[in-house]
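**Q** Number 152 in my numbering belongs to position 152 of the sequence shown; there are no gaps in the numbering.
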Amino acid sequence: MRLKFPTALGFAPCIWSFPIDSSFANLLLSEDYKRNYKIQSQYPVVMAEIGTDFNIVQHITPADTAIVAINLTPDHFRDVFSKLEFLNAATYLHNLAEKNKIPVIHVLTSNPQDGFKTYRQMKAERRLQRKAPKSVLDRDFDSQFASMLGRISDSIRTENDDIFSSSTLLDLLGRNQTTYALIMGFHTETAILRSALSGLDHGIMPIVVSDAVSSYSERIYYEALDIISQSTEIIDSRDLMKRWPDQ
């Protein structure tokens, strides 16, 4: 197989020839590789802006975008600290999807049934100790959230917190020719974090909508977002509103 590579200084190409085995050939033809190539083919434009005024919102279009909602259930919503902010952002995203025909995919994560089940439960209980105190407005927020759930179709179920480990989800994103996934849902430090960090490995660029995700406490929320921001994109629903005003 002959491949052309630029030299280290980028002045002139060189040609390398080497044998290629069937497993590598299959990789080149795989769906993950094709999706990765689709993103990488756009990198010259994206990379030219990094370090100046790079804005991922200017690169996404309804045709190559999906909204992926993670763990939208009353049990998850009940203990998050930023209920009002989430409801406002989620309402905007649902309206954006309806007006621009952006697919909304709902995913429910679960813990693997393995030898670490008890350990995971212990960690979850410790995180719950940091949850925000109850508010007199919680009942109204819970009612609004329940009303929102009436618009949810069937959900994809995964066996762990990484939604992109689901072949069902990847196949659906592939059929929709999705390049960018707007991430919303719960919880920022577990399913949102793990999914955001793995998306690029599957040829999808995750974009976490910060006010459309939440967790038990403000501290955990910001710590998780800081980690996510080192590897992929974080935006606010107001960034989307500048391009697609809520009407």
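Cβ atoms here follow ideal geometry from the backbone N, Cα and C, with glycine treated the same way.
DSSP state of Pro252, grouped into three classes?
**A** Because residue 252 is not part of the residues shown, which for the chain are 1 to 247, the question remains open.
**Q** Where does Glu250 fall in DSSP's three states?
**A** Only positions 1 to 247 of the chain appear in this structure, which leaves residue 250 out of reach.
**Q** Identify the continuous beta strand (DSSP E) that holds Asp142 and give its terminal residues.
**A** Note, Asp142: premise wrong, no beta strand (DSSP E); alpha helix (DSSP H) at Asp138 to Leu149.
**Q** Thinking C-beta only, is Thr118 closer than 8 angstroms to Asn71?
**A** No; because the gap between Cβ atoms is not below 8 angstroms, this pair is not in contact.
**Q** Residues bridged to Met241 by DSSP?
**A** Met241 is not bridged to any residue.
**Q** Whose C-beta lies closer than 6 angstroms to the C-beta of Ser231 among residues of the same chain, with five residues either side of it excluded?
**A** Cβ within range, chain order: Leu197.
**Q** Since Ile204 contacts Thr168 with CB under 8 angstroms, what's their CB separation in whole angstroms?
**A** Actually they do not touch by this definition, with Cβ atoms about 14 angstroms apart.
**Q** Would you tell me roughly how many angstroms separate the C-alpha atoms of Lys123 and Ala90, rounded to the nearest one?
**A** Roughly 28 angstroms separates the two Cα atoms.
**Q** Taking C-beta to C-beta, are Val208 and Ile220 nearer than 8 angstroms?
**A** Contact flag unset, no.
**Q** If I measure Cβ to Cβ from Leu87 and keep anything under 6 angstroms in the same chain, skipping five residues before and after, which residues do I get?
**A** For Leu87, where only same-chain residues beyond five positions count, the Cβ hits under 6 angstroms are Gln144.
**Q** If we count the other Cβ atoms within 10 Å of its Cβ and call it buried at 16 or more, is Ser217 buried or exposed?
**A** Buried.
**Q** Who are the Cβ neighbours of Asn176 in its own chain at under 8 angstroms, not counting the five residues just before and after it?
**A** Excluding positions up to five away in sequence, the list reads Ala66 and Pro103.
**Q** Please determine, among Gln121, Asp211, Arg78 and Pro74, the residue with the shortest C-alpha to C-alpha distance to Met241.
**A** Residue Asp211 is the option with its Cα nearest to Met241.
**Q** Output needed for Gly199: all residues of its chain with C-beta closer than 7 angstroms, excluding positions within five of it in sequence on either side, in chain order.
**A** Result list for Gly199: Phe164, Ala181, Met205, Pro206 and Thr232, in chain order.
**Q** Just to confirm, are Ala69 and Gly185 a CB contact at a threshold of 8 angstroms?
**A** Against a cut-off of 8 angstroms, the Cβ pair of Gly185 and Ala69 comes out as a contact.
**Q** Determine the direct distance from the alpha carbon of Ala132 to that of Val80, and round the result to whole angstroms.
**A** Whole-angstrom Cα-Cα distance: 7 angstroms.
**Q** Between Lys83 and the rest of its own chain, which residues show a CB-CB distance below 6 angstroms, the 5 nearest in sequence each way excluded?
**A** So the qualifying residues of the chain are Phe141.
**Q** Are the CB atoms of Ile235 and Val57 nearer to each other than 8 angstroms?
**A** In this structure, Val57 lies closer than 8 angstroms to Ile235 by Cβ.
**Q** For the beta strand (DSSP E) holding Asp211, just list the boundary residues, first then last.
**A** Taken as a continuous stretch (DSSP letters only), the beta strand (DSSP E) holding Asp211 covers Met205 to Ser214.
**Q** Inspect the beta-carbon positions of Asn160 and Asn111 and report whether they are closer than 8 angstroms.
**A** Yes, they are a contact pair.
**Q** Starting from Glu159, follow the alpha helix (DSSP H) in both directions and report where the run begins and ends.
**A** Note, Glu159: premise wrong, no alpha helix (DSSP H); not H, not E.
**Q** Please state if the CB of Leu93 and the CB of Ser237 are separated by a distance shorter than 8 angstroms.
**A** Yes, the pair counts as a contact, with Cβ atoms nearer than the cut-off.
**Q** Once you ignore the five residues that flank Glu189 on each side, which residues in its own chain have a CB closer than 8 angstroms to its CB?
**A** Hits under 8 angstroms: Arg127, Ser215, Ile220, Tyr221, Glu223 and Ala224.
**Q** Cα-Cα, which of Lys101, Met148, Val213 and Gln129 is closest to Ile183?
**A** Ile183 has its Cα closest to that of Val213, out of Lys101, Met148, Val213 and Gln129.
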